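Using this note's numbering, the first residue of the sequence shown is number 4, and each one after it goes up by one.
Cβ atoms here follow ideal geometry from the backbone N, Cα and C, with glycine treated the same way.
Because the structure is a prediction, the values reported are computed rather than measured.
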Amino acid sequence: MPSPAELLMGRKLRTFLSSHPGQLKPTFDVERAREALRKRQIIQNKYANKQATVLPVLHQNAKVWFKHKMKEPWKQGTIIQVGPHPRSYIIKGEDGGVFRKNRFHIRATRQH
């Protein structure tokens with residue numbers, strides 16, 4: 004019966020007792036484990052992408068509503084620059100403040 008350390012390592016551990024070198028090789032199949040991991044990642048990616056949405060790109064000088072702080076009401080502002088990072092925008096609020104916001108926190112105003 005293998006020891007707990009042998010079960011953890013997946014191979015016979017070295018001892019001062021003589022043993023055959025073939026017994027010291029791991030019995031764990033690395034390629035099979037990698038394939039199982041890849042399958043789990045594909046399944047997880049499928050479920051994660053179900054809820055994901057691609058928001059439309061906003062342009063400079065567009066009037067928008069944005070969330071400055073999560074528990075405060077939405078504020079109105081204007082996009083003054085498409086940000087340096089993906090989905091990032093620099094917005095000038097009605098009160099004159101300048102904010103960098105992710106696209107998730109911005110809603111386009113309805114154009115009539």
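By the criterion of at least three beta-carbon pairs nearer than 8 angstroms, the region 42 to 58 is not in contact with the region 72 to 83. For Val67, the number of other beta carbons within 10 angstroms of its own is at least 16, and it is reported as buried.
Separation of Val60 and Ile82 (C-alpha to C-alpha, rounded to the nearest whole angstrom) is 12 angstroms. Judged by DSSP in its simplified three-state form, Val33 adopts helix. In this model, Gly25 and Val33 are separated by some 17 angstroms (Cα to Cα). Under the DSSP definition of a beta bridge, Tyr50 lacks any partner. Listed in chain order, the non-local C-beta contacts of Gly13 below 8 angstroms within the same chain comprise Pro29, Thr30 and Phe31, local neighbours out to five positions each way being set aside.
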